Structures are given as C-alpha cells and as structure tokens.
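Chains as they are written, first to last, in this note's numbering: chain A, 1 to 299; chain B, 1 to 395.
Just so it is clear, CB atoms sit at the ideal spot from N, CA and C, and this is done for glycine as well.
Computed from a predicted model, the values in this text were never measured in an experiment.
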C-alpha cells in the first residue's frame, strides 16, 4: 500500500462558488493542506474574488485579505512588516493571484516584494487568460491559443507569442525558491508548498490550473488535461533553489498534439502550427534539462 | 520643547510621536524629506517601526492596507503625481476602514511639470472617503497628525486621513514648532487596537465580494462614519487643548469674523497671509475677516451656515480649479449655503496655482472686491482668476 503524504485537514469548505472542474479550486485545497491554519492569504481581483464565496460567507478557513488587482506583492510586504513589528513570526504570508494579476498588472509590485526580500510565498494559479472577466488574452496565454481578445477572425489572429517566462524573470529578480506545480501531481504539489513554507525570503510557485470554460474542456477532464500538459512537456515540473534547478518529473512522453487537441481553444490549429509548437516545446524542454544537469541535479 | 524645523521635519516628528509601526513610502518632491527623515529615525532606533521601501506610491498604500489589517499603526506621505497614482487604493483604504494617516505635501499635477504647491492633487481625491485636514503652519502639521490618528482610529470612525501641508511654503520652510514630549502624547493617543483585524481563531475574509443586496449598506456606513468624524474631531480638539494648550476646537477657524461685512474662506498656508491682509484692512476701518478651513472632509456644512448668518458676503480663495465649474472649495461652500441661506453672496477667487505666490496685496484686492459687492448687493462675475498675466484681474 502506498503511504499518502497529503494531510487530511481541510481548509477549503464546501459551498465555494468555483466552476465545476476548476483547477485553481483544487489547487487551493491542496496548497492549504500544506500551509496549515497559521496562514494569511492575500488576493487581488481574480477568479478567487468570487470563488471564495459571497459576503457574509467565506470558503477558506484562514484569514484572507482582498485588495486591488496589482497589489499582491505590496500587500504581502505590508502584512509581513506588521507581523514582524507585532512579533508574530510563525505566520506564512501567501499572495494568491491569477496569471494576469501576476505577469501583467501585478508584475511591478511582485518584483518590488522580491527586491525587498519579503518573506512570503507567491502562488500564481495560471489558467492562461483573464478568466474571471471572461477569457481575455494575458501574458500567460500560450502561443496560437484562442481567447476572446485573440479571436482569430478572418485575419486568423490568435495569440502571436508564447507565455511570458515568468520563472526566468523572477529567478533573475532574486527569489529564494521557485517551483512549478500541477493539480495532476498532488504529492509533488504538497511537498513543494511545504518546502516553500520552510524557506525564508521570497518564494514563487507557478501552478498550472486548468479552466474548463476557458480552455473549452469538459469539467471531468480538468485533471487529465493538466496531466497531459506535463506529459507533453508543455508544463514541466521543476524546482529552483540556491541557483540550482531540479527536474521533478521527467515524464515528457507524449506529443503536444494530444495535449492541444484535448482542448477547444486550440481546435483551429493547423498541422504547421502544431509542428511549430512541438519544435518550441522540445527546444525549451532541452534548455530546462540542460539547466538541471548543469546544476548537477536531475530526476 | 521649542524647536526650529521645516514642515516635513514636523510631519516626521508627528509620526514618531504617534509611534507609527509600519511606514511605506516612495520618493516624490516635495514630500521626500519626510520619508528620508523617517528612514533615518528607523535606522537610528529612534522609532520602533518597520520601513518598507516600496516601488511606487500605489504599492505604498497597498502595503499599509495589508499592515493595518494585522493591527499596525500605519503611515506614509506623498505629493501630486504620487497621490494620483494612489487613487485606486485611496478608495480601498477608506472602504476597508483602515485608519491610515498620510501627509500630502500639496503640489501641482503635470503637465506642465511643476513641483510647487497648489491643491489640485488634494481636491482630486476629495471623494475617496478620506478625511482631509489643511495646515496653516508647521505647528499645525505636527499637531494635526496626532489629532488625525485619534479621530481616524476612533472605533466609530475608522477612516483614513490626509494632512495637507503646502509644498515648499511649509514643507521646506523653517518655523518655530513646540514639540510635545512623547510621554504626554501617549496620554492623548493610545495604541492602535482595532476591532477588525486578522484573527486566526476566527478567520474571516476582509474586503469580500458583496452583492447589490448589501453593497449599499457598506457605503452608507462609510457615510455615517464620516459624519461622526465631525464630532470626534471637535472632541479630539478639546482633549488636545487640555493636553498641550493649543486650540483645534473648530473645523473652521474664524478670524475677526464676528462683526465682519465680508470674509474670505482660505485653506492651507495662505490663510496666514489672508489674516495679515485682514489686519491691514481693519486698520483702515474695513470690517473683514478670515474663515480658515481646517477640515475639508468631512465638509463643515453647519459651520458654513453659521458663518453665513454673520457674514453676508463671502469670498472663497481656491488653490485649485475644477474644470467646468470653479474652485473646489467655492463649489462646496455655495452648495452648503444655498439651501438654507440662498441670499449670501459667494464669490470664488482662483490663485496660487503651480506655486504662484499669493501676496497680502492680492488678498487686500479680494477684500476690496468683496466690499464693493457687499455695498452694491450684486456681483458681476462668480469666479475670478487673480493676478493673471493676461490682465483679466487688473491691479
């Protein structure tokens, strides 16, 4: 019998307002199991403004501070400073934001918080578009994807550039710890969040969070599609710490086509587009593996 | 203890005496020396506070909102473009009922670039739900910071407050300031202990999503708190006078208005100049006075009505302009007077924009103009831009 490593405690109540199959909701459930009750979440405008429930109800069993869209890094710094002055040193400060709130509008304050060496964990749940406002293109929307602001049309204008390389940017910015996680690999996810919690300084976790309405997938396929992303090498799982990269799962076994064709947002892709994506994914995966080997560590 | 200090040094001293716990600030002229002074105090252990070097004013306000929710007394300062950048979070701070206190070292907004004082920046934020207190001099800057914390943190108020200090005229000018002992301040201002703060035993969500069925009640509570703040300011003024001897007993300070034929309403450092001009007019037998607007938010409607009962011709000197309407204070004074005292004549004067000096002679000219209106019983122009180079206000 395998021994389960995921704590049984629940900090996400029933009755939240997440969509059926919401990847970010599953992510929050796992993250909170790893974080425990001594956690303050702060969260900007994003799906989670809604998912947590409508006042006076709240779905999370930890304190949550809501704030404006671009403020996650700054509010995290403020919470930490106040905890420090009050001598409350056993609290984990977590910034919980979507991809648009992180790589686009929130990038400045996130960069500032890392620069200030704020002791906090930033978790970006990446559903690859502005989903709360109804599927608009963000800096995390993948190449050639359909969104309501990359609608194709007669000019065939889909997303014309790949995802912002946020982890590379933040490693250069000076994070103490970085990791990618997926809802399809919960043990790995929980272990990384626990590890991040144990490290002082600014930490960043990039979580791929499948979004049934935004990705045009059936609700029941949410975890399966997230797993395909890792198996196709589109979203590899790795860690960064002390200048070293470690590949967590070397499971790139499937063609990107299988991942792409599982989703309605890619259904317009031509064979040439798929081939282009495959080439880019292969190149990026090779670069990541080289980084992992170069650091003397691999999975 | 008497000391010689700039307005910005007085502001930093006020923050120190208030024992602020979290400071987040970003440099902007003419505010910068407040944040520099506080950084120095923190570095030298003169104050037990955390200093967050934020990367923008927007983030300064965001950081303080977070810190205040943990229960820390919070402080920042800004000017002009920095205040404008904060705009979104000013609404958030007020809506979240975080009693942040912030000197605004008033300065013109660009373009054209201009670092000198006017009140366009401050007036742009009058609807954000912040209290707004104007300072005439550096003593008031220090004192009003202490009063502001007491009012802002009152459990029936819980609203943020701006202390408006005119750029350079106060911020960089040395004046005599009576600095109270910190032990005396401790009696006047108790530690911040809000009812609403992060609690791990009873975890809550702060700033939640509220649907149309209840959202209006949240706004109504902000309105009630702002109204309550008038009484609380007066009470704080009484306590302050008892503790330190200086009088902040009115939202509007009346100077020689009791028998005046005309009065000028002035906010900020120009009020001092207007008082000197009023004295000179009095020497010539002209019965004029000054109504110094100390508190602009909450707006002292009742005080304006009382003034209107005594003085039937009122001028309003605005260091700002609300495009398409007139000066900001002018509009509000007319608004306050019209329903109950529609026969009071109110004239607006716009001046001192972008740091243009406002002289005693100009105020005397305004008084002459008002006296003529009082004599004739009518006025030709509602709003006048004073001392313009195009000659529309002839000297």
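* Determine, using beta carbons only, whether residue 170 (chain A) comes closer than 7 Å to chain D. => Protein chains A and B are contained in the structure displayed, whereas chain D is not.
* To do: Measure from the C-beta of residue 397 (chain B) to each C-beta in chain A and report whether the shortest distance is under 7 Å.
  => Any question about residue 397 (chain B) goes unanswered here, given that chain B covers just 1 to 395.
* **Cβ neighbour criterion (16 or more within 10 Å) applied to residue 119 (chain A)** => Along the first chain, read from residue 1 onward, the residue named residue 119 (chain A) stands at position 119. The residue in question, residue 119 (chain A), is buried, as its Cβ has 16 or more Cβ neighbours within 10 Å.
* To do: Tell me whether residue 121 (chain A) sits in a helix, a strand or coil according to DSSP, three-state version.
  => For the purposes of this step, residue 121 (chain A) is taken as the residue at position 121 of the first chain. The answer is strand: DSSP assigns residue 121 (chain A) an E or B state.
* Evaluate residue 282 (chain A) with the Cβ neighbour count: other Cβ atoms within 10 Å of its Cβ, from every protein chain shown; 16 or more gives buried, anything less gives exposed. => Numbered from its first residue, the first chain carries residue 282 (chain A) at position 282. Its Cβ having fewer than 16 others within 10 Å, residue 282 (chain A) is exposed.
* **Coarse secondary structure for residue 298 (chain A), derived from DSSP in three states** => As a working note, residue 298 (chain A) is residue 298 in the first chain. Residue confidence for residue 298 (chain A) is low, a pLDDT of 42 falling below 50, so the modelled location carries little weight and cannot support an answer.
* Can you tell me whether DSSP reads residue 396 (chain B) as helix, strand or coil? -> As shown, chain B starts at 1 and ends at 395. That puts residue 396 (chain B) outside it, with no answer to give.
* To do: Verify the CB distance criterion: does residue 83 (chain A) have a CB-CB separation below 7 Å to chain B?
  => Here residue 83 (chain A) refers to the residue found at position 83 when the first chain is read from its first residue. It does; some Cβ of chain B falls within 7 Å.
* Sorted by chain position, which residues of the same chain lie with C-beta nearer than 7 Å to residue 273 (chain A)'s C-beta, five sequence neighbours on each side aside? -> To locate residue 273 (chain A), count along the first chain from 1; it is residue 273. Same-chain partners within the cutoff: 144.
* Partner residues on chain B for residue 112 (chain A), Cβ-Cβ distance less than 7 Å -> As a working mapping, residue 112 (chain A) is identified with position 112 in the first chain. Near residue 112 (chain A) (Cβ distances below 7 Å), the residues of chain B are 54, 55, 59.
* Interfacial residues, the stretch 95-109 of chain A to chain B, with Cβ spacing under 9 Å -> 108, 109
* **Partner residues on chain A for residue 200 (chain B), Cβ-Cβ distance less than 7 Å** => The residue labelled residue 200 (chain B) in the question sits at position 200 within the second chain. Within 7 Å Cβ-Cβ: 37, 38, 63.
* N-terminal and C-terminal residue of the beta strand (DSSP E) that residue 214 (chain A) is part of -> Within the first chain, numbered from 1, the residue matching residue 214 (chain A) stands at position 214. Element bounds for residue 214 (chain A): not the beta strand (DSSP E) but the alpha helix (DSSP H), 212-215.
* Asked: Is it right to say residue 56 (chain A) is buried, meaning 16 or more other beta carbons lie within 10 angstroms of its own, or is it exposed?
  -> Counted from its first residue, the first chain places residue 56 (chain A) at position 56. So residue 56 (chain A) ends up on the exposed side.
* Residues bridged to residue 329 (chain B) [DSSP beta-bridge criterion] -> Residue mapping note: residue 329 (chain B) aligns to position 329 of the second chain, counting from 1. Per DSSP, none; premise fails for residue 329 (chain B).
* Any C-beta of chain A sitting closer than 7 Å to the C-beta of residue 379 (chain B)? -> Sequence index remark: in the second chain, residue 379 (chain B) carries index 379 (1-based). Output row for residue 379 (chain B): interface = no.
* Asked: For residue 87 (chain A) and chain B, any beta-carbon pair shorter than 7 Å?
  -> What you label residue 87 (chain A) is simply residue 87 of the first chain in a count that begins at 1. No - not a single Cβ of chain B is within 7 Å of the one on residue 87 (chain A).
* To do: Answer yes or no: does any C-beta atom of chain A fall closer than 7 Å to that of residue 35 (chain B)?
  => The count along the second chain starts at 1 and reaches residue 35 (chain B) at position 35. So, not an interface residue.
* Asked: Can you list, in chain order, the residues of its chain whose CB lies under 6 Å from that of residue 103 (chain A), leaving out five sequence neighbours each side?
  -> Your numbering for residue 103 (chain A) matches position 103 in the first chain. For residue 103 (chain A), where only same-chain residues beyond five positions count, the Cβ hits under 6 Å are 139, 140, 164, 166.
* To do: Could you tell me the distance, in whole angstroms, from the CA atom of residue 98 (chain B) to the CA atom of residue 367 (chain B)?
  => What you label residue 98 (chain B) is simply residue 98 of the second chain in a count that begins at 1. What you label residue 367 (chain B) is simply residue 367 of the second chain in a count that begins at 1. C-alpha separation (whole angstroms): 42 Å.
* Selected residue, minimal CA-CA separation from residue 53 (chain B), among B:46, B:76, B:71 -> As a position in the second chain, residue 53 (chain B) is number 53, starting the count at 1. When only C-alpha atoms are compared, the closest one is B:76.
* To do: Starting from residue 80 (chain A), trace the alpha helix (DSSP H) both ways and give me its first and last residue.
  => Position 80 of the first chain, counted from the start, is the residue given in the question as residue 80 (chain A). Taken as a continuous stretch (DSSP letters only), the alpha helix (DSSP H) holding residue 80 (chain A) covers 72-85.
* To do: For residue 205 (chain A), write down the residues that DSSP places opposite it in a beta bridge.
  => Residue numbering aside, residue 205 (chain A) sits at position 205 when the first chain is read from its first letter. Per DSSP, A:123, A:179.
* **residue 147 (chain B), enclosing alpha helix (DSSP H) - first and last residue** => Here residue 147 (chain B) corresponds to residue number 147 of the second chain, with the count starting at 1. 138-152 is the extent of the alpha helix (DSSP H) around residue 147 (chain B).
* Asked: Counting only beta-carbon atoms, is residue 58 (chain A) nearer than 7 Å to chain B?
  -> As a position in the first chain, residue 58 (chain A) is number 58, starting the count at 1. So, interface residue.
* **Short-range partners of chain B found in the stretch 200-219 of chain A, where Cβ spacing is below 7 Å** => none
* Sub-7 Å separation of residue 73 (chain B) and residue 40 (chain B) beta-carbons -> Numbered from 1 along the second chain, position 73 holds the residue referred to as residue 73 (chain B). Numbered from 1 along the second chain, position 40 holds the residue referred to as residue 40 (chain B). Their beta carbons are not under 7 Å apart, which means residue 73 (chain B) does not touch residue 40 (chain B) by this criterion.
* Check whether the Cβ atoms of residue 228 (chain A) and residue 238 (chain A) sit closer than 7 Å, and answer yes or no. => Along the first chain, one-based indexing puts residue 228 (chain A) at 228. Along the first chain, one-based indexing puts residue 238 (chain A) at 238. For residue 228 (chain A) and residue 238 (chain A), no; Cβs fall outside 7 Å.
* Helix, strand or coil: how does DSSP classify residue 254 (chain B) here? -> Counting from one through the second chain, the residue named residue 254 (chain B) turns up at place 254. In the structure shown, residue 254 (chain B) sits in a strand (DSSP, three-state: E or B).
* Does the beta-carbon distance from residue 97 (chain A) to residue 72 (chain A) come in below 7 Å? -> To locate residue 97 (chain A), count along the first chain from 1; it is residue 97. To locate residue 72 (chain A), count along the first chain from 1; it is residue 72. Yes, they are a contact pair.
* Beta-carbon proximity of residue 184 (chain A) to residue 223 (chain A), cut-off 7 Å -> Residue numbering aside, residue 184 (chain A) sits at position 184 when the first chain is read from its first letter. Residue numbering aside, residue 223 (chain A) sits at position 223 when the first chain is read from its first letter. Taking 7 Å as the Cβ cut-off, residue 184 (chain A) and residue 223 (chain A) qualify as a contacting pair.
* How many Å lie between residue 299 (chain A) and residue 234 (chain A) at the Cα? -> Position 299 of the first chain, counted from the first residue, corresponds to residue 299 (chain A). Position 234 of the first chain, counted from the first residue, corresponds to residue 234 (chain A). In this predicted model, residue 299 (chain A) has a pLDDT of only 41, less than 50, meaning its place in the structure is not dependable enough to derive any value.
* Measuring alpha carbon to alpha carbon, tell me which of B:25, B:13, B:29, B:70 ends up nearest residue 46 (chain B). => The residue labelled residue 46 (chain B) in the question sits at position 46 within the second chain. The candidate whose alpha carbon is nearest that of residue 46 (chain B) is B:13.
* Asked: If you check the beta carbons only, do residue 268 (chain B) and residue 166 (chain B) fall under 7 Å apart?
  -> Within the second chain, residue 268 (chain B) is the residue found at index 268, counting from 1. Within the second chain, residue 166 (chain B) is the residue found at index 166, counting from 1. Contact flag set, yes.
* To do: Using only alpha-carbon positions, find the residue among B:384, B:314, B:388 that is nearest to residue 370 (chain B).
  => In the second chain, counting from the first residue as 1, residue 370 (chain B) sits at position 370. Here the closest residue by C-alpha is B:314.
* Helix, strand or coil for residue 102 (chain B), going by three-state DSSP, please let me know. => To locate residue 102 (chain B), count along the second chain from 1; it is residue 102. Of the three classes helix, strand and coil, the one that applies to residue 102 (chain B) here is strand, per DSSP.
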